[in-house]
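Take any residue in the sequence shown, note its place counting from 1, add 1, and you have its number in my numbering.
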Amino acid sequence: MQLPCQKDYEFIEHTTSICPVCLRRVDAKIVRKNDGIFLLKFCPEHGEQQEIMEHDADYFLGRMQYTKPGTVSKIQTGRELGCPFDCGLCPDHEQHTCIAVMEVTNDCDLKCPVCYAESGSGDPLPLARISEMLDFFVDSEFGNAEILQISGGEPTTHPEILDIIRLARSKPIKYVMLNTNGLRLATDEAFVKELGEFVGGFEIYLQFDGFDESVYRHLRGRPLSEVKQQAVRNLAKHKIPVTLVSSIERGVNDHEIGRIVEFGIRTDGIRGINFQPVARFGRLPAMESSDRVTVTGIIGSITRQMNSMLKKEDFLPLPCNVDRVSITYLHKSKGSFVPLTRNLDIRKCLPAVKNTFRFDPEEFLQDLTDRASGSCQCCSDYLGALKDFSKFIPKSFYLKSRAEKIQYVSENTFRISITSFVDAHNFDMKSMQKECVHVITPDLRKIPFSAYNMFHRNRPR
Ligand code: SF4
Ligand code: SF4
Ligand SMILES: [Zn+2]
2 MQLPCQKDYE FIEHTTSICP VCLRRVDAKI VRKNDGIFLL KFCPEHGEQQ
52 EIMEHDADYF LGRMQYTKPG TVSKIQTGRE LGCPFDCGLC PDHEQHTCIA
102 VMEVTNDCDL KCPVCYAESG SGDPLPLARI SEMLDFFVDS EFGNAEILQI
152 SGGEPTTHPE ILDIIRLARS KPIKYVMLNT NGLRLATDEA FVKELGEFVG
202 GFEIYLQFDG FDESVYRHLR GRPLSEVKQQ AVRNLAKHKI PVTLVSSIER
252 GVNDHEIGRI VEFGIRTDGI RGINFQPVAR FGRLPAMESS DRVTVTGIIG
302 SITRQMNSML KKEDFLPLPC NVDRVSITYL HKSKGSFVPL TRNLDIRKCL
352 PAVKNTFRFD PEEFLQDLTD RASGSCQCCS DYLGALKDFS KFIPKSFYLK
402 SRAEKIQYVS ENTFRISITS FVDAHNFDMK SMQKECVHVI TPDLRKIPFS
452 AYNMFHRNRP R
């Protein structure tokens, strides 16, 4: 064996990863090579492996300035086999449930090649079981549940979907989303009209991968561009807010990222976009590491494809999971959109930022005001942040009711987030344990979404 005489990387830190062939835990190093961050692993059986983690090393290395300790939630399992096999949540998990995903059916009217759930057919969950799962979610968060995503399969194929949403809205859960491929929304306007009853604390999370039919043929198995446009029109007609969720695959739709942002900003009713690099679980085969889309790869595409209307500095690591989520909020001002994050130094007011995706301006302002009342340095930092943030808010905002404030923010801001899930290739135990999107299982556990798709789906206890 010839030994290398010189390293071609800069060591950053150690972590624990997974061999994607045998799914054993393996030691790994996180290193910098040129502009990128890589994971170097060694499996005694399957040898050396290398995977790209981020395309922008500077963003990755700066992310820890934004991190916050996790929020506690109840645990359901003990330590037995070690992470990631003890889900969960087990005592080693470091973040509460910011988003609970509840798969109410495995049935679906599509059969997407990239489906994590490998959906197609399956029995819908009974309403009584769903009610138990909702109560479990609320209890596990000590009665303070944040966001619920009703998912599947395709949840609109569930015969009692309206009752499920009604039930969820009746529970102490702050925000409810319906995750859908949009087929029913495009073809059944009466159904869309019925969804109008839930507006306020409710929105549609619409699968939307771009515009070219080639994109949909590749990712979803059939052309769907017109279906998506019709779904958006129907939702706008009935004033139901929408977040677009785009799965991004290199060479398939990464050239349409900027166009998706432009479409979202300029279309009535669309409140935000969540980009998700396609992760390697479900029906997908493995891919070359060099083909992987990353959080910073998407930020780079947005800035290039939008002629620098947005800059990379406008995107900040989300404090609850700085490794895997990046976000910016745009404020609508005289017909154009200005990133809120451009003027506000969020690092100076991290304690006032909650571990959640849901941005509540009233809570945030109140927290800043409370913290800015002293005369020490951190109080003046909070005061500075309060002044910066207040520039975006008209005086009339303070006279509005709580519901009107939330509506004002919803209508005058636009959220772009990028969420990268962990698969066996890019597995880094630290970020796995910080994951805040949790699947609520019928046997009443909360399993982090990535671990669920890697190890626990179809393997109930
Ligand atoms: S992913 Fe979280 S819940 Fe699952 S085993 Fe690891 S620490 Fe425990
Ligand atoms: S990705 Fe969604 S729409 Fe596609 S098959 Fe899976 S559940 Fe159905
Ligand atoms: Zn191996």
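Note that the Cβ used here is the ideal one computed from N, Cα and C, for glycine as well.
Applying the criterion that 16 or more other CB atoms from any shown protein chain within 10 Å of the CB defines a buried residue, is residue i buried or exposed?
i, result
"H15", "exposed"
"L126", "buried"
"Q434", "buried"
"P160", "exposed"
"P320", "buried"
"D315", "buried"
"D87", "buried"
"P224", "exposed"
"Q66", "exposed"
"P70", "exposed"
"Q7", "exposed"
"S402", "exposed"
"E214", "exposed"
"D189", "exposed"
"R325", "buried"
For residue i, which option in the options has the closest C-alpha, if you only look at C-alpha atoms?
i, options, result
"E49", "G37, D28, T68", "D28"
"L309", "G211, G259, D164", "As written in the sequence, residue 309 is Ser, which differs from the Leu given in the question. Measuring from the Cα of S309, the nearest candidate turns out to be G259."
"H426", "R267, P224, M455", "M455"
"D210", "L82, E227, D269, Q77", "E227"
"Q408", "P156, V200, C99", "V200"
"V246", "I261, G252, V253, H256", "I261"
"T78", "D93, E257, L331, V216", "D93"
"E263", "L331, C113, I131, D136", "L331"
"E95", "E195, V102, C84, V339", "C84"
"K335", "F398, N413, A280", "N413"
"M430", "N322, V410, S411, S337", "N322"
"G63", "D87, E190, S327", "S327"
"F143", "V73, D87, I131, P278", "V73"
"G301", "I419, C113, C88, I13", "I419"
"K312", "A187, V339, M65", "V339"
"P278", "I151, V115, S120", "V115"
"H219", "K333, K112, P70, T106", "K112"
"D110", "I249, A129, G153, L345", "G153"
"V410", "R170, M307, Y117, G202", "G202"
"P318", "Q306, F398, V296", "V296"
"I417", "D189, L341, T68", "L341"
"H256", "R267, K229, T329, F212", "F212"
"R267", "H457, D36, L186, S337", "S337"
"A191", "E214, T157, I165", "T157"
"L90", "F137, Y117, T68", "F137"
Who are the near neighbours of residue i in its chain, counting only those whose CB is closer than 6 Å to its CB and skipping five residues on each side?
i, result
"I174", "A146, L149"
"K1", "One cannot answer for residue 1 here, as it falls past the ends of the chain, which runs 2 to 462."
"E52", "L40, S290, H426, N427"
"V438", "I100, F450"
"C463", "Given a span of 2 to 462 for the chain in the structure shown, any question on residue 463 remains unanswerable."
"A452", "P85, C88"
"F61", "I38, E55"
"K333", "N413"
Tell me which same chain residues have a C-beta within less than 8 Å of the C-beta of residue i, skipping the five on either side of it?
i, result
"G197", "H239, K240, I241"
"E133", "L445"
"D140", "K75"
"R293", "E52, I53, R251, P278, H426, N427"
"L82", "none"
"R130", "P443"
"L128", "E161, D164, I165, L168"
"M307", "G259, V262, E263"
Taking 7 Å as the limit between beta carbons, can you name the residues of its chain near residue i, skipping five residues before and five after?
i, result
"E11", "V32, R33"
"V243", "E204, I205, L207, V233, L236, G270, I271, R272"
"E195", "L163"
"V253", "V216, H219, L220"
"S1", "Past the boundaries of the shown model lies residue 1; the chain is included only from 2 to 462, so the question cannot be answered."
"T304", "L311, K312, K313"
"L1", "Residue 1 lies beyond the stretch modelled for the chain, which goes from 2 to 462, so this question has no answer here."
"G37", "I53, E55, H56, A58"
"T106", "G123, P125, L126, G153, G154, P156, T158, H159"
"F398", "K406, Y409"
"R185", "T157, F192"
Check the Cβ-Cβ distances between residue i and every residue of chain D, and say whether any is below 8 Å.
i, result
"V326", "As a matter of chain content, chain D is missing from the structure shown, which is built from one protein chain."
Fill in: Given 8 Å, three or more beta-carbon pairs between the segment 226-237 and the segment 273-281
no
For this session: Would you check if there are 3 or more beta carbon pairs closer than 8 Å linking the segment 198-209 to the segment 175-187?
Result: These segments touch.
| said: Restricting to runs no shorter than 4 residues, where is the alpha helix (DSSP H) found entirely within the segment 90-124? | reply: Whole alpha helix (DSSP H) segments, 4+ residues: zero.
Minimum length 3: unbroken beta strand (DSSP E) runs contained in the segment 128-190: 146-152, 174-181
Practice task
Would you mind listing the alpha helix (DSSP H) stretches within the segment 231-319 that are 4+ residues and don't spill past its ends, in chain order?
Solution key: 258-267, 296-306
- Ignoring anything shorter than 4 residues or poking outside the segment 43-76, list the alpha helix (DSSP H) runs there in chain order. 58-63
Please go through the segment 398-429 and give each complete alpha helix (DSSP H) segment of 4 or more residues, from N-terminal end onward. 403-413
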